[in-house]
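Chemist:
In this note's numbering, the protein residues as written are 238 to 497.
Structure below.
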């Protein structure tokens, strides 16, 4: 049972937290000059644009988007495969059970943290300057983003593995590679498959944003149609993207169910 003083102190902490939160909300609204009247007044304008210029989608030019859809799928496959290989190497170097030395683990974790915390859209913008508009900036940015993301989740999956198998092999005098082969990999494979498939889904979603900076794929069609004020064609491309993502989610779910 809590004492009256403890209950009172807990209530005071809760009230102080709520007061700080309310003050943060009020300050943020004041700082960005948020106007509730402009917000409410903008709703009819948004609905008019949505149902007049944006909808319905224009389906007569669907065949023209077949190529960009294939480009996006190819980007996702290539980026996911290469990112999974790179992430796997870094993941094993980062995990406590598999790192050759704590110093290597610290250095790799710092590098991956830097790699992962730079948004892929920023990577794409930098790479467009280096390589120019096209497919290479999009693929490279997805590989860099994917490598950082997968390296971290792979390392966490390895560190969550039951240590009894490795301890048993240690007691038998097994070497480093033997422990990885017989204790780590069998338990790690389900997590590897699951996270790699999830990365493929992320790559397809990211392609829509990468196209806005000239990095190719289906997203480039979104930018092109918007620049030409062909908003009904933009809605067509968005509908294609939504259908493509839903199909990929369904397929990856079925693959997980069969393999894991």
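Don't be surprised by glycine CBs; every beta carbon is placed ideally from N, CA and C.
These numbers come from a predicted model, not from an experiment.
Is the distance from the Cβ of residue 440 to the Cβ of residue 448 below 7 angstroms?
Modeler: Not in contact: residue 440 and residue 448 (Cβ atoms no closer than 7 angstroms).
Chemist: Taking the alpha helix (DSSP H) that residue 369 belongs to, which residues open and close that run?
Modeler: Neither: residue 369 is in no alpha helix (DSSP H) and is coded neither H nor E.
Chemist: Are residue 385 and residue 353 close, meaning C-beta to C-beta below 7 angstroms?
Modeler: Yes, they are a contact pair.
Chemist: Return the CA-CA distance between residue 285 and residue 295, expressed in angstroms with no decimal places.
Modeler: Each residue's Cα considered, the two are about 18 angstroms apart.
Chemist: Is residue 455 closer than 7 angstroms to residue 274 when the C-beta atoms are compared?
Modeler: Not a contact, by the Cβ cut-off of 7 angstroms.
Chemist: Could you work out which residue in 437, 464, 468, 478 is closest to residue 493 when comparing CA atoms only?
Modeler: Out of 437, 464, 468, 478, 437 has the C-alpha closest to the C-alpha of residue 493.
Chemist: When you compare the stretch 385-396 with the stretch 325-340, are there three or more beta-carbon pairs, one atom per stretch, that lie closer than 8 angstroms?
Modeler: The stretch 385-396, when compared against the stretch 325-340, does touch it at the 8 angstroms Cβ threshold.
Chemist: Considering only the alpha carbon of each residue, which of 251, 270, 302, 280 lies closest to residue 474?
Modeler: Answer by Cα proximity: 302.
Chemist: Residue 378 and residue 357: beta carbons closer than 7 angstroms?
Modeler: For residue 378 and residue 357, yes; Cβs fall inside 7 angstroms.
Chemist: Which of the three DSSP states is assigned to residue 270 in this structure?
Modeler: Three-state DSSP puts residue 270 in coil, outside helix and strand.
Chemist: Roughly how many angstroms separate the alpha carbons of residue 313 and residue 446, rounded to a whole number?
Modeler: Those two C-alpha atoms are separated by around 13 angstroms.
Chemist: Am I right that residue 417 and residue 335 are in contact with their C-beta atoms under 8 angstroms? What's the rounded C-beta distance?
Modeler: The pair is a contact, with the Cβ atoms about 6 angstroms apart (cut-off 8 angstroms).
Chemist: Check each candidate in 431, 442, 396, 361 and name the one with the smallest Cα separation from residue 500.
Modeler: Given a span of 238 to 497 for the chain in the structure shown, any question on residue 500 remains unanswerable.
Chemist: For residue 444, is the classification buried or exposed, using 16 other Cβ atoms within 10 angstroms of its Cβ as the cut-off for buried?
Modeler: Looking at its Cβ environment, which holds 16 or more other Cβ atoms inside 10 Å, residue 444 is buried.
Chemist: Please check the pair residue 398 and residue 435, which I expect to be a contact at CB under 8 angstroms, by giving their CB distance rounded to whole angstroms.
Modeler: About 19 angstroms; that fails the 8 angstroms criterion.
Chemist: Which value, in whole angstroms, describes the spacing of the CA atoms of residue 470 and residue 380?
Modeler: Taking the straight line joining both Cα atoms gives about 30 angstroms.
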